[in-house]
Amino acid sequence: MTVTPFLGLFLCFSSHFLSPPPQNPSSETQVRLRILGAEKGLGLGTSLAWLGDWDQDGHPDLLLGSPEADVAGARSGMVQIASGKTGKVLAELRGENSQERFGQAVAGLGDINGDGRPDFAIGVPGRIGTGPAAGEVLIYSGTPDLEVLHRWKGQQPREEFGIRLATISDLSGDGRPDLLVAATGAISKGAPVGKVFVYDPASGRMLRYQRGDQPRGGFGFGLADAGDVDGDGRADLIVGAPAARASGPRSGRAYIYSGIDGHLIRELRGPAPGAEFGCAVSGVGDLDGDGKAEVAVGSWLEGKDFPNAGSVRVFSGASGEEIVALHGKVAHGFLGQSLAGPLDWNRDGRGDLLIGAPGQSGSGKELGRVQIVSLTDGQILQEWIGSGSGARAGAAVAAGGDGAAAWGEPGYGDRHAGRGKVSVAGGEIKKAAGPALATNSTETVETPTKNPTFWLKSLAQERDWRTVEDVHGRWILFSSMDTEKIGEAAAQLRHLFARLDASLGGAEFGNSKARGPLHLLYVDNRKDVRVTMDTMAETFPYLADWAKSVQKFARIRHWNPMLAIVRHDRSTKYIPRPEIQLAHEAVHLELGRRFGRLPAWIPEALSYAVQDELAGGVYGYSNHPGGKLSEDYHQQWRAGAAGAVQAHPSSATAFTKETQAFQQDCAYLQFAIGHWWMWSETLRLQAFLKDLAKERPGDLAIEKEWIPDPATQEKLLDRHFGSNWIANAAKHWSGLSTAAGPTSVEAAVLDQITALVDDHRLSTYRNKDGRLQLYSDFRDKDAREALNLSEKVLAHLDRAFGKVKKSEIGSAHQAFMLKIGQNYTALLNCISESDPKLRSFMKTSADTAGFTIYRPRVTSYFHDTRFQEEAKPVNSLAHNLVHLEMHRRFGPLPLWLLEGLACAGEEATTGEVWANWNRSGFVYAVSHGAWRNTAKRMVEKNKVPIQALYSYSARPFDEELAHLAFAFATYGLEGNRKGLNRFAALLSAEYKENWAHLGRFEPSADLVEKLVLKAFGKDFENKFRTWWGNQ
């Protein structure tokens, strides 16, 4: 059953909000299938439904609607049939005319004509019939020629017949499913009250219809099979009318009708004005075992705790009482805009519910989120976040009979804006995906119980391990170490993958995502290793002998499934940086995931190079004899590498095997080659690895080591790097320092900045206490004005957080105020060249008005009217410095707080606010000086609850919440400095304890509120409003 997004007359998506982080983070099941729209503006995933096995390959396939696609004119629409096994488009149907929205709704019908193929329905609500937008529904045969079996047409202009479709269990008595069709604009007694029709798609006859009771109530926008609510043995139907009046305007209603004769069984009413209860509805099965099915109803705009956070309520089939209430915890999250059930995700025999919330969810506007919630206890079983800004994940959701969940992201667009995407998780997979998962037996790692993510997460709960997941889904870290060590390991993994992305083409390279995440175990005892290996042997019997044989080792690597274990206990005390050893194992597996398993010396070479850059030495290697090493051994590798490559050895010297004993001279040479590749030859490296991967025999399982002959490797190396490539690598090393690590990278950035300032003749200024170094190509008068304002803003912070001692300042903030494009481009280039990890960010910054980075602390304002219609450079520079200074004092803080402090600093020193981050569009000049008065009015009228601020991501800019953040910061800086200082310190402690290992800081609104009350006192809100009332 599928419920598509609530579009049309009664709903408009907001484009001014961004999703904060998940409030109830849950483990992520590997998405097994992703289907991308083929072109810009396709909007794939606006509607979707499970079809059945259309291509007869044993896997259920999908119907994917793109009603906004401009294939035969604007919004003519298109529907595709996609393989549920591979995602390949199997067939395509297109609309005929502009604005008809072919595919606004789709529904699978099963085999209604007895030909052994699943048939389906498509709604075309905008099709012209008896008048504009009368609408039409087409029933298609599942045969390859896609014959139209029936056409049902709307009878009135603007009826929008077919705007919603839902399959329902047999009501006609022929043993086959029937179809519900909504026409939300259908007129009765002169008013557009809406109708829902019940059709027998096998015969094509209409059985009956239900009629709405309120004009323009949106009757039929929510539509679903309710299950047997009244216990009479026949399915009933539930219809939502989200714009109907109940407890106030647009509070919404839902109606449950008998499947036997259509009488009204029950009416459910919306909780509050504007909630639009009934925008989505679903049956959820019999939850309490009384023989009567329960139903779920979404209210996507309900704001019980946060504006437009949304809610989902579940009602008893027997009594109609509310038995479950799920309230969104994210402002403008739109929880409950789509629903699909029943779904038994956790295989406990009870109904779960698939919920779409296509509003705010993460670090980009309208990412959206999809959740699977247990209706037994209300817990989130699974959660997925949208794939990019504007993706709107969860705009449509569909639950499969095999336990699979599918959802659409119609706004997704990486290279093609609005191309759309559909994702599938769960369900039965009968064959492993991609050559990297080939095995040497008939076993597969991809069934739900054999998926390593599944059994390792179960084991993690049993063993009380902590789990850290990469935000891109590329690795999962399981650990029994203490929090600090887990944080160190996770940080190294994040930096490692960012560095590999910079050199190897990004996270999307090759089939890396299709092959699932790497599973990395970092443990402090032998029992964890033994239990893991025993579970692995039980799960994969053909690995039993191997699993038993490796339990004694402190380092274990396996290729299928892709798993690595590093144990660090008393027996490994001479390993100084075990987290680096874990990163080393991850390099081997990640290259295998991207390219297939390569000759072992290549991941060794690249791992050494990354370790040197990130850790200041080499601490991770394969087959090293171990033992106690000299204190400077790990830092000596640079000198060893330079000597090895400058001796101009034969390239074959580097070609070691995976099982070969460690040879220091070979390792030095591998390091020398890897460093040269990653710093100077990234494009050639990518091409070389692709071509080398093609040489690997296609029938060779990934767990089998591949050792190509030296001549083949040398030929490819010569082809891609030139016949004298060893000499070129030696030349690269001749100019390198023997220093290494993050500090040396930061020093390299600062050295490049110094050279750039000289080369481009930028003026240099330094403030009195040495905290700020300013470089500018503006007039001297303008630059000094910027320096003066920046000093005032920093002094404003000092009064709240304490003056910084000169001995504590460290390196100065490096600030640029530029107006010449050539200078700005040169700055971006010099940072990219000095720190490859920042290349992608610098490339993005080329199309913005500046950037801010924190290691080293550098900010730049570029005055270019292509990126802003108005600006004050001096304000922008001072604004950015607040971000740097607060980061120096406290580390990462929520962006809303930093923006509030920066705006408050601007306003306190200039009386105006000009430099908000993420604001777009023109702002009337008079408004810049009105921030204090506007904030005062907002606080006095309590226009926006202060709690809404705590989930505000500040991306994109929201006028009301930005002013509330300003009000909060101004109160702290001027009215309660001790409270503000305590609040920042508490946030800093929270980051270090619970977020540093994740590499981000996304505290929930509930947690932020708790810290606010702890810092400012339980009467904070009263003091806050009183203070503003006196201003």
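Per my numbering, the very first residue in the sequence shown carries number 29; after that it's consecutive.
Virtual Cβ for every residue (Gly too), placed ideally from N, Cα, C.
Buried/exposed call for T1054, threshold 16 Cβ in 10 Å | exposed
Identity of the residues DSSP links to V594 by a beta bridge | Y550, R583
Excluding the 5 residues preceding and the 5 following L91 in the sequence, name in chain order all residues of the same chain whose CB lies nearer than 7 Å to its CB.
-> L76, A77, L79, V107, I109, V134, G136, F148
If you count every other CB in all the chains shown that lies within 10 Å of the CB of N336, and 16 or more means buried, which is it?
-> buried
Under three-state DSSP, which class holds Q84?
-> coil
Just tell me which of G379, R378, S347, E330 has its CA closest to the CA of H360.
-> E330
Ranges of the alpha helix (DSSP H) found wholly within the region 720 to 761, counting only runs of at least 4 | 738 to 749
Fully enclosed by the region 199 to 234, which beta strand (DSSP E) runs are 3 residues long or longer?
-> 206 to 211, 223 to 228
Count the other CB atoms within 10 Å of the CB of E536; is the residue buried (16 or more) or exposed (fewer)?
-> With a pLDDT of 44 at E536, under the threshold of 50, the modelled position of that residue is not reliable, and no figure is offered here.
Neighbourhood of L70 by C-beta distance below 6 Å, restricted to the same chain and skipping five residues each side = S94, A97, R447, G448
Among residues of its own chain, excluding the 5 on either side of Y882, which ones have a beta-carbon nearer than 8 Å to its beta-carbon?
-> L912, H915
Given a threshold of 16 other Cβ atoms within 10 Å of its Cβ, counted over all protein chains shown, does T481 qualify as buried or as exposed?
-> buried
Using 8 Å as the Cβ pair cut-off and three pairs as the minimum, do the region 878 to 892 and the region 820 to 834 touch?
-> no
For R60, which residues does DSSP report across the bridge?
-> Answer is none; R60 lacks a bridge partner.
6 Å CB neighbourhood of R103 in its chain, flanking five on each side removed | E96, Q127, R129
Length of the line joining the Cα atoms of L403 and V323 = 11 Å
Where do the N-terminal and C-terminal ends of the beta strand (DSSP E) with M706 fall, by residue?
-> It is not in any beta strand (DSSP E) - M706 instead sits in the alpha helix (DSSP H) that spans 692 to 708.
Would you list the one or two residues that DSSP bridges to T880?
-> T887
L583 to P884 span [Cα, whole Å] = According to the sequence displayed, residue 583 carries Arg and not Leu. Answer to the nearest angstrom: the Cα atoms are 35 Å apart.
Is the CB-CB distance between K847 and D805 below 8 Å?
-> yes
Identify which residue in V1040, G379, L354 has its Cα closest to the Cα of G317.
-> G379
Which same chain residues, not among the five before or five after H178, have their C-beta less than 6 Å away from its C-beta?
-> I167, G232
Would you check if the distance between the CB atom of P243 and the CB atom of P220 is smaller than 8 Å?
-> yes
Please determine if the region 775 to 790 and the region 687 to 702 are in contact, where contact requires at least 3 C-beta pairs separated by less than 8 Å.
-> no
Can you tell me which of K116, G356, A254 puts its alpha carbon nearest to the alpha carbon of S979?
-> G356
Could you tell me if W1056 is buried or exposed, where buried requires 16 or more neighbouring beta carbons within 10 angstroms of its beta carbon?
-> buried
In terms of residue numbering, what span does the alpha helix (DSSP H) encompassing S415 cover?
-> Looking at the DSSP string, S415 is not in any alpha helix (DSSP H), and its letter there is neither H nor E.
What residue from Y237, I408, D89 has the CA that sits closest to F434's CA?
-> For clarity, residue 434 is Ala in the given sequence; the question names Phe instead. Measuring from the Cα of A434, the nearest candidate turns out to be D89.
Range covered by the alpha helix (DSSP H) that runs through P243 | Premise fails: P243 is in no alpha helix (DSSP H) and is neither H nor E.
Taking C-alpha atoms, which residue in S791, E437, W734, W373 lies nearest to Q407?
-> W373
Who are G645's beta bridge partners in DSSP?
-> BP columns for G645 are empty, so no partner.
Could you check where the alpha helix (DSSP H) with D1034 kicks off and where it finishes?
-> 1033 to 1044
Would you mind reading off the limits of the alpha helix (DSSP H) that contains Y1019?
-> Segment: none, Y1019 is in no alpha helix (DSSP H) and carries neither H nor E.
Would a C-beta distance cut-off of 8 Å place A3 and S279 closer than the cut-off?
-> Outside the displayed range of the chain (29 to 1059) lies residue 3, so it cannot be described from this structure.
In the DSSP assignment, what are the bridge partners of D264?
-> G255
Taking G515 as the reference, give the member of K1020, V1040, V1036, P1031 with the closest Cα.
-> K1020
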